[in-house]
Structures are given as C-alpha cells and as structure tokens.
C-alpha cells in the first residue's frame, strides 16, 4: 500500500534529465510535484520549492527559488491559501511563465475551512464542552459525518491568523487569561475558535490541503496536461499517454484504500479531512489538532481512552 500511495503523495524526486528541450516547471510542494511528474515525466525539469516536513505557510524564498521562478515555463501551486508569501511574489518574478493555481481550477472540490475547523474543535474538546449536545446544536446535518474535514498537516498554522487578522489590536491578550476587553470586542470569534492561540494562518475560508482528495488529483492532472500540451504541442502524444497511466494509478489507489475504510487509525495531528470525505471514512483519532503542537495531558488521556476502545490498526505520524 505504501508503494502505491506514494504515487499520489510523492516526495520531491527530480525527473531524470534527457537531451533536448524540457519544460521548465516549478511547483510548490511534493504532492504537486508527484502529479506534475506523473503527467510530464522526463519531458519536464521540475523544481520543488518546499520540501517534505516544511510548513508551507512559513515558506521563505531563496535566491535559487527566485531564479527558478523567473526562468520557468510553467508554475503549478495550490495557491495563496497555502503559500501566501509565494503567491505575493509571483507577479514580479514569473512574468514569462504560465501559472496554474490549483485551488482555482474548475471542478476542484473545496472544503470550507471555518465550518470544518469548528467541527474539529467541538470533537477535540468534548470533555470540556459537552460535545454531543454542542454538536447537535451548532452543526448542520451535512457536516455531522465529517467533523474533521478541514484540518490537515498545517492546521497549526491556520486559525491563529484569524486572530491576527481580526484582533490585531488585542495581540497582547493572546494568552486568553486577562482579556475581558477583548472578549467584549471578539465574543463571536472566541465562541467559534476558542483554541485560536495554537494556530497562525488565514485560509480565506478554504482548507488548502485539497490534494488529499484523490478526485482533485485527477482534475488537476487533466488541467496540467491541457496546459502543457498548449505550451509544448510536440509533447501532446506523450502527455496524453501519461495522463491515461496516471488516471489508472489513481483508480488503483482509490480501490485499494476503499478496502481499508472500516479500519480505525490514529494520527499525530488531524490532517486528512479531504481524504476522509473523498473515501467516506471515519474521522481519525488525532493527538492534536495541528502539526507541531504539544499534546496536553487531556489530549493524551482522551487518545489513550480512544485507542483502548477502538484498537486502531495503525498510527500515521
């Protein structure tokens, strides 16, 4: 399974150079690299800006990255919601490149971040906030089966930016201890995001980790194939053949993962909302609601109780 899934969640391994012209492509993150490589193969030289294990929200551009962007024929990235600093610099650096912002591709499936974030926090704090009653009162029926759908490996960087955006005047109150004045100004925000102090980035209403939806990968593959064929018409035959092969790989992945949907699993942080919704699988048992966060004693106690009850088949870190 690991070997198969790696096709979709590929690491940033550069394609093997070939003689002649190659499409110079720059991508933001390894999963996007995997899709582009699946479609273009050795016809492209791919530069990945952000490696595995690095928070895209905190991306800092290197001189080599700026040079790659300036020389690129094609740039493929999730978009501003995931890498705001990169999106900000693109207009001045990539004057000659065709840019595909994957979050804007027609027919891509998006999850509203605020609703999903609200669902997750209800679930994570059921001991303190009487989760069952709270969920019945605050959530539409459409969201009840996907309480974690908006949280992913960068969850640690999301909601706190809401505080930065909407509560800049109250920065000195971020510990939420002695902030009665802040409560008066921000009561509605605290009702929905009582754990905002853990997070740091605005997703503009959209969970940006949409590559975890296997169907999105298929939509993007077609868009990348179409755009690359327009740029390099002589590669159209190769690109179309790669597209057929890539689609089959996606179908194989989805079929294999469907056999695992009934097996409980745990994660170090809640990161698979799109995948859960795409496959119709249950929410995982998450240690924390954001990457890089230290689990509290109550987090660990809740997780221990869940593991003893459900006996998860594996834990994804």
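Numbering (our numbering), first residue to last: 3 to 319. Glycine included, each C-beta is placed from N, C-alpha and C at the ideal position. Note that this is a predicted model, so its numbers are computed, not measured.
Helix, strand or coil for residue i, going by three-state DSSP, please let me know.
i	result
residue 29	strand
residue 61	coil
residue 100	strand
residue 69	helix
residue 56	coil
residue 313	coil
residue 216	helix
residue 226	helix
residue 113	coil
residue 77	strand
residue 320	Residue 320 is absent from the model: the chain starts at 3 and stops at 319.
residue 208	strand
Should residue i be labelled buried (16 or more other beta-carbon atoms within 10 Å of its own) or exposed?
i	result
residue 280	buried
residue 65	exposed
residue 80	buried
residue 318	exposed
residue 211	buried
residue 299	exposed
residue 247	exposed
residue 303	exposed
residue 262	exposed
residue 235	exposed
residue 254	exposed
residue 23	exposed
residue 34	buried
residue 173	Interpretation of residue 173 is limited by its pLDDT of 42, a score under 50 that renders its predicted location unreliable; no figure is taken from the coordinates.
residue 162	Caution is warranted here: a pLDDT of 39 is assigned to residue 162, below 50, making its placement in the model unreliable, and the coordinate value is therefore given only provisionally. Answer is buried; the Cβ neighbour count reaches 16.
residue 258	exposed
residue 106	exposed
Rounded to whole angstroms, how far is the Cβ of residue i from the Cβ of residue j, which I believe are closer than 8 Å?
i	j	result
residue 58	residue 85	5 Å
residue 25	residue 233	7 Å
residue 276	residue 220	At roughly 13 Å, the Cβ-Cβ gap does not stay under 8 Å, so residue 276 and residue 220 are not in contact.
residue 46	residue 71	The pair is not a contact, with the Cβ atoms about 15 Å apart (cut-off 8 Å).
residue 113	residue 209	4 Å
Could you pull out every residue in the same chain whose Cβ sits closer than 6 Å to the Cβ of residue i, ignoring the five residues on either side in sequence?
i	result
residue 316	267
residue 256	216
residue 237	45
residue 218	110, 111, 212
residue 49	28, 70
residue 104	80, 222
residue 82	89
Can you give me the Cβ contacts of residue i inside the same chain, cut-off strictly under 7 Å, excluding the 5 residues immediately before and after it?
i	result
residue 229	76, 100, 102
residue 226	37, 38, 41, 78, 102
residue 91	63
residue 73	26
residue 67	51
residue 314	266, 267, 268, 287
Among the residues of its own chain, which have a CB less than 8 Å from the CB of residue i, if the five just before and after it don't count?
i	result
residue 311	none
residue 405	In this structure the chain extends from 3 to 319, so residue 405 is not present and cannot be described.
residue 242	227, 231
residue 224	245
residue 87	61, 62, 63
residue 249	220, 223
Quick check: is the beta carbon of residue i nearer than 8 Å to any beta carbon in chain B?
i	result
residue 113	No chain B is present in this structure, which holds just one protein chain.
Practice problem: Please list the segments of the beta strand (DSSP E) lying wholly inside the stretch 235 to 286, counting only runs of 3 or more residues, in order along the chain. | Solution: 267 to 271
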